[in-house]
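Scroll down for the structure; my scribbles are underneath it.
Number of protein chains: 2
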Amino acid sequence: MTPAFEALQKELKRLPGVGFRSAERMAIHLLLEKPEAAKQLSDTLLSARERVRSCASCGNVCEEERCSICEDVQRGESFSLCVVEHVSDLMAIEKSGAYRGRYHVLHGKLSPINGVGPENLNLSGFESRVKEEGVKELILALPNDVEGEATCHYLTELVEGGDVEVSRIGFGLPSGASVLYADSGTLKSALDARQRY
Amino acid sequence: MTPAFEALQKELKRLPGVGFRSAERMAIHLLLEKPEAAKQLSDTLLSARERVRSCASCGNVCEEERCSICEDVQRGESFSLCVVEHVSDLMAIEKSGAYRGRYHVLHGKLSPINGVGPENLNLSGFESRVKEEGVKELILALPNDVEGEATCHYLTELVEGGDVEVSRIGFGLPSGASVLYADSGTLKSALDARQRY
Ligand SMILES: [Zn+2]
Ligand SMILES: [Zn+2]
Numbered sequence: 001m002t003p004a005f006e007a008l009q010k011e012l013k014r015l016p017g018v019g020f021r022s023a024e025r026m027a028i029h030l031l032l033e034k035p036e037a038a039k040q041l042s043d044t045l046l047s048a049r050e051r052v053r054s055c056a057s058c059g060n061v062c063e064e065e066r067c068s069i070c071e072d073v074q075r076g077e078s079f080s081l082c083v084v085e086h087v088s089d090l091m092a093i094e095k096s097g098a099y100r101g102r103y104h105v106l107h108g109k110l111s112p113i114n115g116v117g118p119e120n121l122n123l124s125g126f127e128s129r130v131k132e133e134g135v136k137e138l139i140l141a142l143p144n145d146v147e148g149e150a151t152c153h154y155l156t157e158l159v160e161g162g163d164v165e166v167s168r169i170g171f172g173l174p175s176g177a178s179v180l181y182a183d184s185g186t187l188k189s190a191l192d193a194r195q196r197y
Numbered sequence: 001m002t003p004a005f006e007a008l009q010k011e012l013k014r015l016p017g018v019g020f021r022s023a024e025r026m027a028i029h030l031l032l033e034k035p036e037a038a039k040q041l042s043d044t045l046l047s048a049r050e051r052v053r054s055c056a057s058c059g060n061v062c063e064e065e066r067c068s069i070c071e072d073v074q075r076g077e078s079f080s081l082c083v084v085e086h087v088s089d090l091m092a093i094e095k096s097g098a099y100r101g102r103y104h105v106l107h108g109k110l111s112p113i114n115g116v117g118p119e120n121l122n123l124s125g126f127e128s129r130v131k132e133e134g135v136k137e138l139i140l141a142l143p144n145d146v147e148g149e150a151t152c153h154y155l156t157e158l159v160e161g162g163d164v165e166v167s168r169i170g171f172g173l174p175s176g177a178s179v180l181y182a183d184s185g186t187l188k189s190a191l192d193a194r195q196r197y
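Order-wise, the sequence lines are chains W and E. The first sequence maps to residues 1 to 197 in full-length UniProt numbering. The second sequence maps to residues 1 to 197 in full-length UniProt numbering.
Here it is, written out as structure tokens:
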């Protein structure tokens with residue numbers, strides 16, 4: 001509608017999961033309906049940007065050198081490392097309570113078609129970390145797609161020769177789901193992952 | 001995860017249509033994955049906040065005293081005024097090309113239960129505007145719900161006695177939709193709005 005409005009809409013549209021319409025709705029909210037929210041969001045954004053950083057060990061959100069998970073000695077005693085694509089995946093696993101070891105966040109996955117190589121992922125400290133922390137079990141909690149597969153292959157090769165057991169999380173029907181409503185990709189994964197009963 | 005991260009997540013969650021998970025995803029994107037985007041979003045937000053304002057006549061987005069629609073003489077020659085809840089509704093109608101008159105944006109709808117009365121809507125200049133611009137047709141393009149209904153009643157009473165024809169937009173089955181997939185509320189609206197064939 002106006003240049004400054006469109007600039008904000010465009011910037012909001014860059015956020016993950018935000019389309020044209022929702023960016024428009026957000027810009028209207030911030031500029032016309034709740035103008036005090038624009039200042040507040042901007043202040044919070046700059047302050048968070050000052051304080052929040054990536055954990056030097058694992059890539060998780062933190063405000064110190066290392067995050068609370070990496071600083072937790074008990075977490076290290078499992079000698080288990082769970083590799084995830086995004087910090088949000090780490091958060092989801094933490095909320096499930098199903099894992100109590102440490103993590104390594106790649107901030108992406110290998111995708112030659114999108115120009116994402118190993119150098120674009122959080123991998124510079126990975127190998128030395130696996131050695132120094134004496135990791136015995138590497139759990140790959142990466143997406144069930146071609147790029148997740150490629151990333152798993154790459155990581156497995158990286159730790160080959162060491163004494164590390166590598167596994168990838170299971171794929172199939174989500175908890176509570178019925179075969180009827182599952183998409184073909186999920187059904188294929190579930191059939192490929194079948195286990196003797 | 002950290003106080004500054006959670007503060008940003010909370011602020012993002014206040015945006016319309018943003019839930020806990022998407023706010024988390026956005027905060028991770030802004031703080032860890034694309035940290036340059038945080039500064040850029042904050043800058044764009046402050047600059048848009050400086051420049052963008054509500055049109056003094058209609059409440060639309062603008063960077064001058066009055067918006068381009070209100071400044072368009074041809075738009076005034078229809079003597080038609082379309083009342084909408086949000087600027088995004090105005091934008092949607094503009095994109096449809098189905099209307100070429102002027103608008104009045106309420107920035108909300110009457111909702112006693114949420115403490116929204118006429119004084120909380122963009123109504124201070126409404127009556128004088130209707131008179132000064134010689135509005136002959138008032139089209140109420142407000143939501144198909146109880147609050148939309150209450151707002152229509154209120155506006156109709158405001159212009160009563162003048163020479164203004166008031167109408168409310170039609171409700172029913174969306175274009176291209178089938179009865180099978182319509183919800184009960186839509187079917188009720190459609191049946192109530194039936195016309196002789
Ligand atoms: Zn860490
Ligand atoms: Zn205007």
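Ideal placement from N, C-alpha and C gives every residue a C-beta, glycine not left out.
Asked	Found
Enclosing beta strand (DSSP E) for Ser128 (chain W) [first to last residue]	Not the beta strand (DSSP E): Ser128 (chain W) falls in the alpha helix (DSSP H), residues Phe126 to Glu132.
Residue interval of the alpha helix (DSSP H) (run including Glu157 (chain E))	Val146 to Val159
Positions along the stretch 4 to 21 of chain E whose CB lies within less than 7 Å of some CB in chain C	Although the question refers to chain C, the structure presented lacks it and instead comprises the protein chains W and E.
Cβ neighbour criterion (16 or more within 10 Å) applied to Arg49 (chain E)	buried
According to DSSP, residues forming a beta bridge with Val179 (chain E)	Paired residue(s): none; Val179 (chain E) is not in a bridge.
Residues near Leu140 (chain E) by beta carbon distance below 6 Å, same chain, minus five either side	Val83, Cys152 and Arg168
Boundaries (first-last residue) of the beta strand (DSSP E) holding Leu139 (chain E)	Looking at the sequence itself, residue 139 (chain E) is Ile, so the reference to Leu does not match. Ile139 (chain E) -> beta strand (DSSP E) spans Glu137 to Ala141.
Beta carbon of Ser22 (chain E) nearer than 8 Å to that of Gly17 (chain W)	yes
Neighbour flag for Ile113 (chain E) against chain W, beta carbons, 8 Å	no
In DSSP terms, what His104 (chain W) is bridged to	W:Val83
For Cys67 (chain W), three-class secondary structure by DSSP	coil
Chain-ordered chain W contacts of Thr186 (chain E) [CB-CB under 8 Å]	Near Thr186 (chain E) there are no residues of chain W at all, since even the closest Cβ is about 20 Å away, more than 8 Å.
Ligand 2 heavy atom lying under 7 Å from the CB of Cys58 (chain E)	yes
Spatially closest choice to Leu138 (chain W) from W:Leu110, W:Ser80 and W:Gly97, by CA coordinates	W:Ser80
Endpoints, beta strand (DSSP E) assigned at Ser167 (chain E)	Glu165 to Arg168
Residues that Val116 (chain W) bridges to, as DSSP identifies them	W:Ser111
Spatial distance of Glu63 (chain E) from Phe5 (chain E) (CA atoms)	33 Å
Ranges of the alpha helix (DSSP H) found wholly within the stretch 15 to 54 of chain E, counting only runs of at least 4	20 to 28 and 35 to 51
Endpoints, the alpha helix (DSSP H) within which Ser189 (chain W) is located	Ser184 to Asp192
8 Å Cβ cut-off: residues of chain W touching Ile28 (chain E)	Val61, His86, Val87 and Ser88
Span of the alpha helix (DSSP H) around Glu6 (chain E)	Pro3 to Lys13
Within 7 Å of chain E by C-beta, residues of the stretch 92 to 119 of chain W in sequence order	His107
Residues of its chain near Arg51 (chain E), where Cβ-Cβ distance is below 8 Å and the 5 sequence neighbours each way are ignored	Glu63
Per DSSP, the bridge partner or partners of Val61 (chain E)	E:Ser54
CB contact flag (Glu147 (chain W), Leu110 (chain W), <8 Å)	yes
Residue closest to Leu15 (chain E), alpha-carbon to alpha-carbon, out of W:Phe20, W:Leu41, W:Glu11 and W:Ile93	W:Leu41
Neighbourhood of His104 (chain E) by C-beta distance below 6 Å, restricted to the same chain and skipping five residues each side	Cys58, Leu81 and Val83
is_contact[Ser47 (chain E), chain W] using C-beta, thresh 8 Å	yes
Where Ala98 (chain E) falls: helix, strand or coil (DSSP)	coil
DSSP three-state assignment for Gln74 (chain E), whether helix, strand or coil	helix
Distance cut-off 7 Å: Cys70 (chain E) Cβ against heavy atoms of ligand 2	yes
CA-to-CA distance, Ser124 (chain E) to Ala56 (chain E), given in whole angstroms	10 Å
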